[in-house]
Amino acid sequence: MSETVLLIGSGGREHALAMALAASPQVARIIAAPGSDAIGRIAVCRPVKADDPAGLTALARAEGATLAVIGPEVALAAGVSDALRAAGIAVFGPSRAAAQLESSKAFAKAFCARHAIPTADFAVFEDGASARAHLATLEPPYVLKADGLAAGKGVIICESAREADLEIDAIFGGRFGQAGARLVIEEFMAGEEASLFVLTDGRTHYPLPVAQDHKRAFDGDKGPNTGGMGAYSPAPVYTPEIHAEVMARIVEPVLAGMAAEGTPYTGVLFVGLMLTRDGPKVVEFNARFGDPECQTLMALLAAEGIDAGGLLVACARGRLASVPPIPPLAHAALTVVLAAQGYPEEPMTGSLIRGLPGAGQVPGVTVFHAGTKIDADGAVRAAGGRVLGVTAVAGSVLEAQTAAYTAVDRIDWPMGFCRRDIGWRAVAG
Ligand code: AMP
Ligand code: GLY
1 MSETVLLIGS
11 GGREHALAMA
21 LAASPQVARI
31 IAAPGSDAIG
41 RIAVCRPVKA
51 DDPAGLTALA
61 RAEGATLAVI
71 GPEVALAAGV
81 SDALRAAGIA
91 VFGPSRAAAQ
101 LESSKAFAKA
111 FCARHAIPTA
121 DFAVFEDGAS
131 ARAHLATLEP
141 PYVLKADGLA
151 AGKGVIICES
161 AREADLEIDA
171 IFGGRFGQAG
181 ARLVIEEFMA
191 GEEASLFVLT
201 DGRTHYPLPV
211 AQDHKRAFDG
221 DKGPNTGGMG
231 AYSPAPVYTP
241 EIHAEVMARI
251 VEPVLAGMAA
261 EGTPYTGVLF
271 VGLMLTRDGP
281 KVVEFNARFG
291 DPECQTLMAL
301 LAAEGIDAGG
311 LLVACARGRL
321 ASVPPIPPLA
331 HAALTVVLAA
341 QGYPEEPMTG
351 SLIRGLPGAG
361 QVPGVTVFHA
371 GTKIDADGAV
381 RAAGGRVLGV
391 TAVAGSVLEA
401 QTAAYTAVDR
411 IDWPMGFCRR
421 DIGWRAVAG
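Written out as structure tokens, the structure is:
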């Protein structure tokens, strides 16, 4: 069967998903909501917002969509997957109830405790005095988290008790609004981080190659946290032994636990891992692909000759059991994010970006658009914080890094910036 796919979202991740779907023999047509100018080159875009379940269901019916692929978390949290499923459409993405693994830190931590899934010890506080009393029993560094969604800025790591005191005052003083009404204090986990993405249709789980993200804005992992300034895959630090342990002690218990609690998980489970001396532990779960990990993985799978769009279809259709596992990789992929100056605080939009065709001609390179406007004459302008993702595939992470920066250097955009050290851990090791 050839699918008519409704793709929900508009960022770099969704541009990569659109390209994977467009390349799949299982997909006849793609409608994107709301999509972007770049996605509009390969799909029909309709101006319906990602968090509008009724609007998206009406659009899916009007366009004869047979299947939906959900990119962003806002759509999951708004109940878009539930509404589309109720309308008889196959969906890639978990229900709103299952997506709580991402949308509520308190739910995720309690779930891990119920199912003995390794994660940092934690305690929850509603006032400064009891938080301070607890802090006195711990060693620095201290990990403080606002309980609710705080746009990725809710985690503070403090090196001293004095600094932690000031942060506790600020959090209970309303710095994060309602999200900071409760404070989570976590055990600090030392180690390297890795992002594992597992596709699951509720019966079969299908892990993708592991990726590493670069969350800080500037070289040397300095500066504020961002949505991600670059990624690569595979990550040499993540050995087959670690993978076996992650599957047995984390992924399988999570999926079995969600099913046993009546909220079976389907779609992609994003497990943020800390590889500690005591074994792998969960930092966080997300209910969607990472951005820019998705761009990296879609390009890698394509280079391996795998129909990545077909994998999303098989997942939504409950047919993962019939898909062969990913063979040993012959390639590595690396993505460098180009962001507008001022990102993440106040990105400056509207500036002109030149040189993209030349960048795209570097062998193995794809330029994904995360936040651009394309004028009628083809001129490309910045229209977001993270604006472009330059992804290269090659025989190794080092070669992919070289190719990606060769392409980056062909882009003429004085009002943008990028990190120059994406992949440093893999390249040094
Ligand atoms: P989160 O929003 O929970 O993913 O946290 C953002 C970042 O803070 C993570 O990617 C880690 O780098 C860091 N982090 C969060 N929790 C811990 C922890 N318990 N120990 C050490 N680092 C942490
Ligand atoms: N790059 C990490 C994320 O998408 O959450």
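Residue 1 is where the sequence shown starts when you use the numbering used here, and the numbers rise one by one after that. Just so you know, even glycine gets a beta-carbon here, dropped at the ideal spot from N, CA and C.
If you check the CB distance, A400 and V393 come in under 8 Å. No heavy atom of the ligand AMP is found nearer than 7 Å to the CB of E139. Under the three-pair Cβ rule at 8 Å, the stretch 90-100 does not count as touching the stretch 113-126. Distances from the CB of A287 to the heavy atoms of the ligand AMP are all 7 Å or more.
With fewer than 16 other CB atoms across the displayed protein chains lying within 10 angstroms of its CB, T239 is exposed. In the DSSP assignment, A113 falls within the alpha helix (DSSP H) that extends over 105-114. Boundaries of the beta strand (DSSP E) around G279: 279-286.
Closest in alpha carbon position to P140, among I185, K281, E192, L356, is I185. Closest option to G12, judged by alpha-carbon separation, among A231, G174, L208: A231. Shortest gap from the CB of K215 to any heavy atom of the ligand AMP: under 7 Å. In this structure, A302 keeps its C-beta atom at 8 Å or more from the C-beta atom of A131. Three or more Cβ pairs closer than 8 Å define a contact, and the stretch 271-291 meets that threshold against the stretch 64-74. Judged by beta-carbon spacing, L84 lies within the 8 Å limit of T57, meaning their Cβ atoms are closer than that value. Assignment of beta strand (DSSP E) within the stretch 9-57, counting only whole runs of 3 or more residues, yields 27-34 in chain order. In the DSSP assignment, T276 forms a beta bridge with G279. No Cβ-Cβ contact shorter than 8 Å links V337 with A407. In this structure, G371 sits away from R354, with a CB-CB distance that is not shorter than 8 Å. When DSSP reads this structure, A392 sits in a beta bridge with L334, V365.
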